[in-house]
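Trainee:
Numbering (the working numbering), first residue to last: 23 to 129.
1) Roughly how many whole angstroms lie between the Cα atoms of residue 30 and residue 128?
2) Mapping DSSP to helix, strand and coil, what is residue 76?
3) Starting from the C-beta of residue 38, find all residues in its chain whose C-beta is less than 6 Å away, skip the five residues before and the five after it, and write them out in chain order.
4) Tell me the start and end of each unbroken beta strand (DSSP E) in the region 26-94 that is at least 3 residues and wholly inside, in chain order.
5) Going by the CB atoms, is the gap between residue 75 and residue 91 shorter than 8 Å?
6) Exposed or buried, which one is residue 81 when buried takes at least 16 other CB atoms within 10 Å?
7) What separation, rounded to the nearest whole angstrom, lies between the Cα atoms of residue 67 and residue 26?
8) Under the three-state reduction of DSSP, which class applies to residue 106: helix, strand or coil?
9) What whole-angstrom Cβ distance do residue 43 and residue 57 have, given they're in contact under 8 Å?
10) Considering only their Cβ atoms, is the gap separating residue 103 from residue 54 smaller than 8 Å?
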């Protein structure tokens, strides 16, 4: 799947990226049943019903992000369908991941 994802990104076929995300999420849920929850499954189903092509959970330890791929024209409908969640903008970065905020520990 990683090779297919790379090819889709390089060929500017973002809908294929969403389809691969969906397939990978379904496989991961079958392999690790505790990876999801009733809430996550509900949010994902709502997002898909509003036009999201695919998604997956990012993060660990009972928190994180529900990353969704959808055509731009569907974003507002998906946001309205998920009032419990806070939208966080996402884009690819040419430099890769980087730390953009560090909170200093309290003395």
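Quick reminder that beta carbons are idealized off the backbone N, C-alpha and C, glycines included.
Mentor: Taking the definition as stated:
1) 45 Å
2) strand
3) Only residues of its own chain outside the window of five on either side were considered, and among them 30 have a CB closer than 6 Å to the CB of residue 38, listed in chain order.
4) 76-80 and 87-91
5) yes
6) exposed
7) 24 Å
8) coil
9) Their Cβ separation, rounded to whole angstroms, is 14 Å, which puts residue 43 and residue 57 out of contact at 8 Å.
10) no
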